[in-house]
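When the letters of the sequence shown are read in order and numbered with this note's numbering, they come out as residues 68 to 121. Built from N, CA and C at the ideal position, the CB exists for glycine as well.
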Amino acid sequence: MFDSTAIVWYAAVCGALAAFAPRFGGRTVRIVTGAVVGIVAASVFPAIKGIMGY
68 MFDSTAIVWY AAVCGALAAF APRFGGRTVR IVTGAVVGIV AASVFPAIKG
118 IMGY
């Protein structure tokens with residue numbers, strides 16, 4: 068089961084951090100890319116944590 072709060076939080080934090088990344092396209096591209104990375108991270112981390120036994 069997905070925790071939508073965690074997904075939104077990771078997307079917001081990663082998007083905000085990516086907005087300040089230098090030399091990675093325009094600001095909108097950086098924010099969207101960061102948000103996608105956050106969504107993937109929040110979706111995959113629980114499965115990885117379960118596999119590791121935590």
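Buried or exposed by the 16-neighbour rule on C-beta atoms within 10 Å, applied to residue i
i: isoleucine 98; result: buried
i: tyrosine 77; result: buried
Where residue i falls: helix, strand or coil (DSSP)
i: proline 89; result: coil
Host alpha helix (DSSP H) of residue i (start-end)
i: glycine 117; result: 94-119
Supposed contact pair residue j and residue i - C-beta distance, whole angstroms, cut 8 angstroms
i: threonine 42; j: alanine 79; result: Residue 42 cannot be examined here, being either before or after the span of the chain that is shown, 68 to 121.
i: isoleucine 74; j: alanine 109; result: 4 angstroms
i: cysteine 81; j: valine 104; result: 5 angstroms
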